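Visitor: In this note's numbering, the protein residues as written are 118 to 524. Glycine included, C-beta positions come from ideal geometry on N, C-alpha and C. Given the structure is predicted, the values throughout are model-derived calculations rather than measurements.
In structure tokens:
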């Protein structure tokens, strides 16, 4: 154990890429938590138009995810893709203020497409590419990926509070803060030296790291009933929940006297949630190993259902804050539980393919249709009434999930 501890303390790549995670998710938090509020309060979009923007994000995400995955695998430890994402992040403020916002006000379709392309590349698809790259670096540099990833939760938490306060003063400052943080990313990428260890180079030369599967093996995986049941779980639970959460910020601030007070409170609640998220993320493997991956996914689904159903009944600010905090319990259980279920039920050699296609890709494809539909429902009958009908079939759905994730 001691060598591992020393490796983390004295490994420059651990600190460089840990700080990269911190700043990357700090910048991401200038966008996603407050995006529905910015679209409605600053740009003036209705909920249907906001849903269209989120549908565009999902569309470009599913286009970029497989492309960036292939490029990342081909580049290996080269920093080319990381440089592209970092440079684009430096431009986040100019893009949002001088390209995205004007287009949304003049032509919602052009605005949605431009925002979908940019956000879909640097965040929706870029996050997965950055995580995959740093995970590869961790294996070659001798540090634990999970410990470096924790920095990302802290970065998101810090930005949520800061952005919540700045948004009430001047929303433009939030995006300029993101561009300033991206300049620090440039420095980190420049000094990073993700060189492969000698043992890894020897294994590569011997072909030990080449995949032991072919395309036919991957295709046969999709003939399995369990694979389609897992995809059905992702669409029926994780995707529906994500669509619900997209416009929760707008619903949240409606419980406060002024929009500014609601935005600040949302920032504080998000920060508290991310801190709890980080704590639970550390302990979730210990819990999941004892209750099993299948039960973990069922619990995650019930937590998500509880938050959605609870939102349809919420009448006070305290209630929506408590509902927001449930997100901290759902995220670790869903992500860690999904990975453990995949490796426990399917061929571990196909774990990456199953996660990218069966989880990420399937969720984004379904979100394209559900985001626009949900946005239209929010406009027509309101946020809470849209959630009212699902209360009638949520228990049925989670009963069926015992079949979907069985085995």
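1) Is residue 429 helix, strand or coil when you go by DSSP?
2) Assign residue 374 to one of three DSSP states: helix, strand, or coil.
3) For the alpha helix (DSSP H) containing residue 340, name the first residue and the last one.
4) Select from 161, 454, 373 the residue whose C-alpha is nearest the C-alpha of residue 412.
5) On the criterion of 16 or more Cβ atoms from any shown chain inside 10 Å, does residue 109 qualify as buried, or is it exposed?
6) Beta-carbon within less than 7 Å of residue 164's beta-carbon, same chain only, minus the 5 sequence neighbours each way: which residues are those?
7) Exposed or buried, which one is residue 189 when buried takes at least 16 other CB atoms within 10 Å?
8) Compare the beta carbon distance of residue 269 and residue 456 with 8 Å and say whether it is the shorter of the two.
9) Suppose contacts are defined by Cβ-Cβ distances below 8 Å. Is residue 386 in contact with residue 306 by that definition?
10) If the criterion is Cβ atoms closer than 8 Å, does the pair residue 198 and residue 192 meet it?
11) Checking 8 Å against the spacing of the C-beta atoms, do residue 277 and residue 146 come in under that value?
12) So, for residue 225: in the same chain, excluding its five sequence neighbours on each side, which residues have a beta-carbon less than 6 Å away from its beta-carbon?
13) Look up residue 160 in the DSSP assignment and say whether it is helix, strand or coil.
14) Check whether the Cβ atoms of residue 303 and residue 203 lie closer than 8 Å to each other.
15) Apart from the five residues on each side of it in sequence, which residues of its chain come closer than 7 Å, Cβ to Cβ, to residue 590?
16) Between 377, 296, 141, which has its C-alpha nearest residue 155's C-alpha?
17) Reducing DSSP to helix, strand and coil, say where residue 149 ends up.
18) Counting C-beta neighbours from all protein chains within 10 Å, is the total for residue 406 16 or more, i.e. buried, or is it exposed?
19) Taking the alpha-carbon positions, what's the residue 354 to residue 421 distance?
20) Going by C-alpha distance, which of 172, 212, 389 is nearest residue 446?
21) Report yes if the C-beta distance between residue 233 and residue 173 is below 8 Å; otherwise report no.
22) Taking residue 361 as the reference, which of 256, 343, 426, 297 has the closest Cα?
23) Three or more C-beta pairs under 8 Å: does that hold for the stretch 248-268 against the stretch 209-216?
24) How many angstroms separate the CA atom of residue 178 from the CA atom of residue 356?
25) Taking the alpha-carbon positions, what's the residue 371 to residue 187 distance?
26) How many angstroms separate the CA atom of residue 396 from the CA atom of residue 444?
27) Let me make sure I understand the geometry here. Which of 300, 240, 476 has the alpha-carbon closest to that of residue 352?
28) In whole angstroms, give me the CA-to-CA distance for residue 392 and residue 274.
29) So, for residue 157: in the same chain, excluding its five sequence neighbours on each side, which residues have a beta-carbon less than 6 Å away from its beta-carbon?
30) Express the C-alpha separation of residue 296 and residue 223 in angstroms, rounding to a whole number.
31) Determine the DSSP secondary structure at residue 288, reduced to helix, strand or coil.
32) In the DSSP assignment, the alpha helix (DSSP H) including residue 226 goes from what residue to what residue?
33) How many whole angstroms separate the CB atoms of residue 440 and residue 424, which I take to be in contact at a CB cut-off of 8 Å?
34) What residues in its chain sit with their C-beta under 7 Å from that of residue 230, if we drop five residues either side in the sequence?
35) Could you check which residue in 259, 471, 287 has the C-alpha nearest to that of residue 129?
36) Which one of 373, 160, 484 has the shortest CA to CA distance from residue 289?
Guide: A quick look at the data gives this:
1) Helix at residue 429.
2) Residue 374: coil per DSSP, three-state reduction.
3) Judged by DSSP secondary structure, residue 340 falls outside any alpha helix (DSSP H); it is assigned neither H nor E.
4) When each option's Cα is compared against that of residue 412, the closest is 454.
5) The chain is shown only over 118 to 524; residue 109 falls outside these bounds and no answer can be derived.
6) In the same chain as residue 164, and ignoring 5 residues on each side of it, the C-beta atoms closer than 7 Å to its own belong to 364, 492, 495, 496, in chain order.
7) Counting of Cβ neighbours within 10 angstroms places residue 189 among the buried residues, the total reaching 16 or more.
8) Not in contact: residue 269 and residue 456 (Cβ atoms no closer than 8 Å).
9) Against a cut-off of 8 Å, the Cβ pair of residue 306 and residue 386 comes out as no contact.
10) It is a contact, given that the beta carbons lie within the stated cut-off.
11) In terms of Cβ geometry, residue 277 and residue 146 form a close pair [threshold 8 Å].
12) Excluding sequence neighbours, residue 225 sits near 166.
13) If DSSP states are grouped into helix, strand and coil, residue 160 belongs with coil.
14) Between residue 303 and residue 203, the CB-CB gap stays under 8 Å.
15) As displayed, the chain neither begins before 118 nor continues past 524, which places residue 590 out of reach and without an answer.
16) Here the closest residue by C-alpha is 377.
17) It is coil, neither helix nor strand.
18) Exposed.
19) Approximately 8 Å, taken between the alpha carbons.
20) Selected option, being the one with the closest Cα: 389.
21) The beta carbons of residue 233 and residue 173 sit closer together than 8 Å.
22) Nearest neighbour of residue 361 by Cα position, chosen from 256, 343, 426, 297, turns out to be 426.
23) Touching, no.
24) Each residue's Cα considered, the two are about 14 Å apart.
25) As the crow flies, the alpha-carbon of residue 371 is around 43 Å from that of residue 187.
26) Those two C-alpha atoms are separated by around 13 Å.
27) Closest by alpha carbon: 476.
28) Spanning the two alpha carbons is a distance of roughly 7 Å.
29) A distance below 6 Å between beta-carbons, with the five flanking residues on each side excluded, links residue 157 to the following residues of its chain, in chain order: 367.
30) In this model, residue 223 and residue 296 are separated by some 25 Å (Cα to Cα).
31) Helix.
32) For residue 226, the enclosing alpha helix (DSSP H) begins and ends at 225-236.
33) About 5 Å separates the two Cβ atoms, so the contact holds.
34) For residue 230, where only same-chain residues beyond five positions count, the Cβ hits under 7 Å are 173.
35) That would be 259, whose Cα lies nearest to the Cα of residue 129.
36) When only C-alpha atoms are compared, the closest one is 160.
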